[in-house]
Structure formats: C-alpha cells, structure tokens
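**Student:**
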Amino acid sequence: MAYIGKSEESERIVSGHGEHHWSRREMELVRWIAISKPKKRPKQVVWLGNTEIDAELLPALSLFKRMGIATEFSCAGVSLLDEPEEHSLYAYITFPASARTETFIQLAMKRMRHRLLVTFEPGRNRYDLSSFYIGHNRSFCLLMESCAKAMMK
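Note that the numbering used here has the sequence shown beginning at -15, numbered continuously upward.
1. Helix, strand or coil for S115, going by three-state DSSP, please let me know.
2. With a Cβ-Cβ cutoff of 8 Å, do N121 and S115 count as a contact?
3. With DSSP as the reference, label L73 as helix, strand or coil.
4. Apply the 10 Å Cβ neighbour rule to S36 and answer buried if 16 or more other Cβ atoms are within range, or exposed otherwise.
5. Consult DSSP for S58 and reduce its assignment to one of helix, strand or coil.
6. Any idea if F57 is buried or exposed, counting beta-carbon neighbours within 10 angstroms, 16 or more meaning buried?
7. On the DSSP bridge assignment, give the partners of T87 in chain order.
8. Measure the alpha-carbon distance for D38 versus N109 and round it to whole angstroms.
9. In this structure, does DSSP put R110 in helix, strand or coil?
10. Would you call the CB atoms of F124 and E(-5) closer than 8 Å?
11. Note down, in chain order, each residue of its chain lying with its Cβ closer than 7 Å to the Cβ of A(-14), except the 5 sequence neighbours on either side.
12. On the DSSP letters alone, give me the boundaries of the beta strand (DSSP E) that I53 sits inside.
13. Consult DSSP for V141 and reduce its assignment to one of helix, strand or coil.
14. Measuring CA to CA, which of W16, I53, W6 is closest to K133?
15. Count the other CB atoms, across all protein chains shown, that sit within 10 Å of the CB of G2; report buried if there are 16 or more and exposed otherwise.
16. Taking just the CA atoms, how far does I89 sit from I77?
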C-alpha cells in the first residue's frame, strides 16, 4: 500500500500500481493536455432518484443502490465528444466506507487489477474508485457494472 502525505488524515492509495503504470498515466496526462478538445455535445446525463448522473454510470449506480451500497459522487464524461469542461479525465465513484463497500472494493481490485485506482480518505471515511488511465472512462463504467453484477451473485 502506498501513502500520499504524512498525516493520518491524508488520502491513501489502496490499490497497487507499478512504476511503469504511473509513467504511462503521466504520459497520457501530458498528451491529454496537448490535444484539441472541440465542443461537440453536452455531457450525457440522466436522473437516478433526485440526483443527476452520467448516463454511462447508470447501470452500475443502479446496481449499487439495489445492493444497499451507498455512493456519494460520480463522474464519467466518457467521450471526447462531451463538453471538455465537463469531461472527467478519470471516471470515478465515491463510496462511504462500510463493510459491504470494502467487500465490493476487494472484488473490484481483483477483477480490474491495474485499471482501477482506489484511494481512501480517513478524514471523510470514504473511498474513491477511479479509472487509472485517461480515456478509459467507458471501460471503467462497464467494469464497475460487471463487478456490481458479480457481487450480486
């Protein structure tokens, strides 16, 4: 387990990634900054209860809701055709910590391996799960759905 910062309140990286994964991530960020991001269409959103969410995350978030796994925030911005200001570089879902959430996270880390970045914020007692690489937002959404289905079985 790697740690960011020195205090107990600092965000901690829970998932493991080799140096070559971090280097690739950095190169993708440099490329992302340099590319043109023309405006094409607004981000695709839908409503889940009283909350507006990214349409691509609806299947996974619906499954979490059915399983009683709470989520706090989410963002996907899965297409370069989405508005650049609304495009998330890394798709993510934030989960309040609980035994059920931690079981899901272990399953997701096993299934997604290096494609998943998991961080924990002790001060807020929550986990952030995100795509590790830029441009993998759609696969993150599909893999979150797949992991949620596996958890339901």
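By construction, the Cβ of each residue, glycine as well, lies at the ideal position given by its N, Cα and C atoms.
**Tutor:** The relevant details are as follows:
1. Translated into positions along the sequence shown, residue 115 becomes position 131. The answer is strand: DSSP assigns S115 an E or B state.
2. Counting from 1 along the sequence shown, the entry for residue 121 is found at position 137. Counting from 1 along the sequence shown, the entry for residue 115 is found at position 131. Contact: yes.
3. In the sequence shown, residue 73 corresponds to position 89, counting from 1. It is coil, neither helix nor strand.
4. Indexing the sequence shown from 1 puts residue 36 at position 52. Note that residue 36 is Glu in the sequence shown here, rather than Ser. Exposed is the call here.
5. Residue mapping note: residue 58 aligns to position 74 of the sequence shown, counting from 1. Looking at S58 - three-state DSSP - the assignment turns out to be strand.
6. Here the question's residue 57 lines up with position 73 in the sequence shown. So F57 ends up on the exposed side.
7. As a position in the sequence shown, residue 87 is number 103, starting the count at 1. DSSP output for T87 lists no bridge partner at all.
8. Sequence index remark: in the sequence shown, residue 38 carries index 54 (1-based). Sequence index remark: in the sequence shown, residue 109 carries index 125 (1-based). Looking at the two C-alpha atoms, the distance is approximately 24 Å.
9. Residue 110 sits at position 126 when you count from the first residue of the sequence shown. R110 falls in the strand class under three-state DSSP.
10. In the sequence shown, counting from the first residue as 1, residue 124 sits at position 140. In the sequence shown, counting from the first residue as 1, residue -5 sits at position 11. No, the pair does not count as a contact, with Cβ atoms beyond the cut-off.
11. Along the sequence shown, read from residue 1 onward, the residue named residue -14 stands at position 2. Annotation note: pLDDT 40 at A(-14) (below 50); position unreliable, coordinate value reported separately. Only I(-3) meet the Cβ criterion.
12. Here the question's residue 53 lines up with position 69 in the sequence shown. Run containing I53: none; DSSP gives neither H nor E here.
13. As displayed, the chain neither begins before -15 nor continues past 137, which places residue 141 out of reach and without an answer.
14. Position 149 of the sequence shown holds residue 133. Comparing Cα positions, the closest option is I53.
15. Taking the first residue of the sequence shown as 1, we reach residue 2 at position 18. Looking at its Cβ environment, which holds fewer than 16 other Cβ atoms inside 10 Å, G2 is exposed.
16. In the sequence shown, counting from the first residue as 1, residue 77 sits at position 93. In the sequence shown, counting from the first residue as 1, residue 89 sits at position 105. Going from the Cα of I77 to the Cα of I89 covers about 11 Å.
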